[in-house]
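>
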Amino acid sequence: MYPWKAPRRLCMTLAALAALGCADATGPEPPAAGEIVFTSIRERFMRIWVANADGTGQRPLTPEGETSLEPSWTPDGSRIVFTSWLDGNPDIFVMDADGSDWRPVTRDTAYDRSGRLSPDGKRVVFVSERTGDPDIWVIDVDGSNPVNLTKSPSSFDVDPDWSPDGARIVFASDRGGGRQFSLWTMRADGTGLARLPAEGGARSPSWSPDGSRIVFTSYRDIGDAEIYVMRADGSGQTNLSGRAGVDELPRWSPDGAYVLFSTKRDGNSEIYAMGADGSGPVNITRHPRWDAMAAWRP
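What the sequence shown shows, in my numbering, is residues 1 to 298, in sequence order.
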């Protein structure tokens, strides 16, 4: 599926990134203001690209030959947190918004990935396999004080995201049994673990900018994946994408009015934007190669 050889567990983490879809998008164009960052394979390697929010001005930020993926913006929009194989295994890095000044956050022989900077800009939450199976960790942005929050030796804990006030973290875990992922929240120190109801399996949660909602990928429809939204307590679950194929990896726009997501409904993986109510899905990247894992600049 990918042109580079990834370890089995990382492949499991990213496995949903290729699937079938159909139909053209209709509806209003998203606002042209702002930028999105995303992962793309335009040549041989996964690289991080940036584009205007309307899809114009697409350009790479990381070099060909260095596998880089999973970008997310710092809260002030000045830097990008991402995963790179620069040193031969995945670590968390931070770079300036123009792709310059790479700074390592983690330096470990284990797999470290899926980094997200806290709203106060002081800590990074990430996934690490330092103790075996993936756990949710936090670390200071300068690379000091790594702490394992979940400490679950028999489960996979992945896909972390901060609440906008930095008080809680939402993540996906198969700890409920049956190797099916569900969504959980916990306090930023790892206490107060609570399961959110999401039938049929769920991944890639993203907390809304106002803290009231969580958008996520749901696998409740057999052989399909859809973008759902729910209140932060798990109630009021609504299907936003509502069509055959796989729609996944949702992320909010800074104002909470739009949701970015990845889909193959046009035959290859593309970045789409739709209204927060699921209306007007629009193809942003419009490129024949693989595009996914998008985030909107604050």
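Here a beta-carbon is modelled for each residue, glycine too, at the ideal position from N, C-alpha and C.
(1) Confirm, please, whether the CB-CB distance from residue 204 to residue 216 is below 8 Å.
(2) Decide if residue 201 is buried, meaning its Cβ has at least 16 other Cβ atoms within 10 Å, or exposed.
(3) Any beta carbon of chain B sitting closer than 8 Å to that of residue 131?
(4) Which whole-angstrom value is the C-beta distance of residue 292 and residue 82, which I expect to be below 8 Å?
(5) So what does residue 284 bridge to, in DSSP terms?
(6) Short of 6 Å in beta carbon distance, which residues of its chain neighbour residue 136, apart from the five on each side in sequence? Order them along the chain.
(7) When we look at the beta-carbon of residue 147 and count the other beta-carbons within 10 Å, is it buried (16 or more) or exposed?
(8) List the endpoints of the continuous beta strand (DSSP E) containing residue 157.
(9) So if DSSP puts residue 216 in a beta bridge, which residue, or which two residues, is it bridged to?
(10) Run through the segment 231 to 275 for me and flag every whole beta strand (DSSP E) of 3 or more residues, listed as ranges in chain order.
(11) Which term fits residue 233, buried or exposed, when burial requires 16 or more other beta carbons within 10 angstroms of its beta carbon?
(12) Three or more C-beta pairs closer than 8 Å, one from the segment 264 to 272 and one from the segment 225 to 232: is that the case here?
(13) Given this structure, state the Cα-to-Cα distance separating residue 76 from residue 287, to the nearest angstrom.
(14) Roughly how many whole angstroms lie between the Cα atoms of residue 59 and residue 197?
(15) Leaving out five residues on either side along the sequence, give the residues of the same chain with a beta carbon under 6 Å from the beta carbon of residue 115.
(16) Could you give the distance in angstroms between the alpha-carbon of residue 35 and the alpha-carbon of residue 297?
(17) Just curious, the beta strand (DSSP E) that residue 137 is in, first and last residue?
(18) Within the same chain, show all residues whose beta-carbon is closer than 7 Å to that of residue 187, passing over the 5 residues directly before and after it, in chain order.
(19) Since residue 133 and residue 153 are thought to touch, with beta carbons under 8 Å apart, how far apart are those beta carbons, to the nearest angstrom?
(20) Using the Cβ count rule (16 or more neighbours within 10 Å means buried), how would you classify residue 255?
(21) Any idea which residues DSSP pairs residue 330 with across the strands?
(22) Going along the chain, which residues of its own chain have a beta-carbon closer than 7 Å to the beta-carbon of residue 226, five neighbours each way excluded?
(23) Exposed or buried, residue 72, counting other C-beta atoms within 10 Å across all chains shown (16 or more means buried)?
(24) Tell me whether residue 210 is buried or exposed, calling it buried when 16 or more other Cβ atoms sit within 10 Å of its Cβ.
(25) Straight-line CA distance for residue 110 to residue 213?
(26) Using three-state DSSP, classify residue 71 as helix, strand or coil.
(27) Got a sec, what are the start and stop residues for the beta strand (DSSP E) residue 186 sits in?
(28) Of all the options 206, 41, 143 and 276, which has the alpha carbon lying nearest to the alpha carbon of residue 303?
(29) Taking 8 Å as the limit between beta carbons, can you name the residues of its chain near residue 164, skipping five residues before and five after?
(30) CB residue 177 to CB residue 195, shorter than 8 Å?
With the given structure in hand:
(1) In the sequence shown, residue 216 corresponds to position 216, counting from 1. In the sequence shown, residue 204 corresponds to position 204, counting from 1. Pairing residue 216 with residue 204 gives a Cβ-Cβ distance under 8 Å.
(2) On the sequence shown, position 201 is the one that residue 201 refers to. A residue is called buried when at least 16 other Cβ atoms come within 10 angstroms of its Cβ; residue 201 meets this threshold and is buried.
(3) The structure shown contains no chain B; it holds only a single protein chain.
(4) Working through the sequence shown from its first residue, we reach residue 292 at position 292. Working through the sequence shown from its first residue, we reach residue 82 at position 82. Distance from residue 292 to residue 82 at the Cβ level is roughly 13 Å; contact not present, criterion being Cβ atoms closer than 8 Å.
(5) To locate residue 284, count along the sequence shown from 1; it is residue 284. Beta-bridge pairing links residue 284 to no other residue.
(6) Along the sequence shown, one-based indexing puts residue 136 at 136. The residues 149, 150, 157, 160 and 171, in chain order, have a CB closer than 6 Å to that of residue 136 in the same chain once the five nearest residues on each side in sequence are set aside.
(7) Taking the sequence shown and counting its residues from 1, the one referred to as residue 147 is at position 147. When all chains shown are included, residue 147 counts as exposed.
(8) In the sequence shown, counting from the first residue as 1, residue 157 sits at position 157. Segment 157 to 162, the beta strand (DSSP E) holding residue 157.
(9) Taking the sequence shown and counting its residues from 1, one reaches residue 216 at position 216. Its beta-bridge partners are 228.
(10) With a minimum length of 3 residues, the continuous beta strand (DSSP E) runs that stay inside the segment 231 to 275 are 247 to 252, 258 to 263 and 270 to 275.
(11) Along the sequence shown, one-based indexing puts residue 233 at 233. Label assigned to residue 233: exposed.
(12) When Cβ pairs closer than 8 Å are counted between the two stretches, the segment 264 to 272 is seen not to touch the segment 225 to 232, the count staying below three.
(13) Within the sequence shown, numbered from 1, the residue matching residue 76 stands at position 76. Within the sequence shown, numbered from 1, the residue matching residue 287 stands at position 287. Using only the alpha carbons, I get a separation of about 29 Å.
(14) The sequence position of residue 59 within the sequence shown is 59, counting from 1. The sequence position of residue 197 within the sequence shown is 197, counting from 1. Near 39 Å, if we compare the C-alpha coordinates of residue 197 and residue 59.
(15) Within the sequence shown, the letter at position 115 stands for residue 115. Taken in chain order, the residues that qualify are 81, 92, 124 and 126.
(16) As a first step, residue 35 is located in the sequence shown; it is residue number 35 there, counting from the start. As a first step, residue 297 is located in the sequence shown; it is residue number 297 there, counting from the start. Our two residues, residue 35 and residue 297, have alpha carbons roughly 5 Å apart in a direct line.
(17) Along the sequence shown, one-based indexing puts residue 137 at 137. That run of the beta strand (DSSP E) goes 135 to 140.
(18) As a first step, residue 187 must be located in the sequence shown, where it is residue number 187. Within the same chain, residue 187 has close Cβ partners 167 and 168.
(19) As a working mapping, residue 133 is identified with position 133 in the sequence shown. As a working mapping, residue 153 is identified with position 153 in the sequence shown. Here residue 133 really is in contact with residue 153; their C-beta atoms are around 6 Å apart, less than 8 Å.
(20) Counting from one through the sequence shown, the residue named residue 255 turns up at place 255. Burial call: exposed.
(21) What is shown of the chain runs 1 to 298, which leaves residue 330 out entirely.
(22) Walking along the sequence shown from the start, residue 226 turns up at place 226. Cβ neighbours of residue 226 within its own chain (closer than 7 Å, five residues either side excluded): 218, 239, 241, 242 and 247.
(23) For the purposes of this step, residue 72 is identified with residue 72 of the sequence shown, where counting begins at 1. Buried: at least 16 other Cβ atoms inside 10 Å.
(24) The residue you call residue 210 lines up with position 210 of the sequence shown. In the assembly as shown, residue 210 is an exposed residue. Its beta-carbon has fewer than 16 other beta-carbons within 10 Å.
(25) In the sequence shown, residue 110 corresponds to position 110, counting from 1. In the sequence shown, residue 213 corresponds to position 213, counting from 1. Between the alpha carbons of residue 110 and residue 213 lies a distance of about 33 Å.
(26) Position 71 of the sequence shown holds residue 71. In this structure, residue 71 counts as strand in the three-state DSSP scheme.
(27) Along the sequence shown, one-based indexing puts residue 186 at 186. For residue 186, the enclosing beta strand (DSSP E) covers residues 182 to 187.
(28) Missing from the structure shown is residue 303; the chain here goes from 1 to 298 and no further.
(29) The residue given as residue 164 occupies position 164 in the sequence shown. Once the five neighbours on either side are set aside, the close Cβ partners of residue 164 are 119, 207, 208, 209, 210 and 211.
(30) Along the sequence shown, read from residue 1 onward, the residue named residue 177 stands at position 177. Along the sequence shown, read from residue 1 onward, the residue named residue 195 stands at position 195. Not in contact: residue 177 and residue 195 (Cβ atoms no closer than 8 Å).
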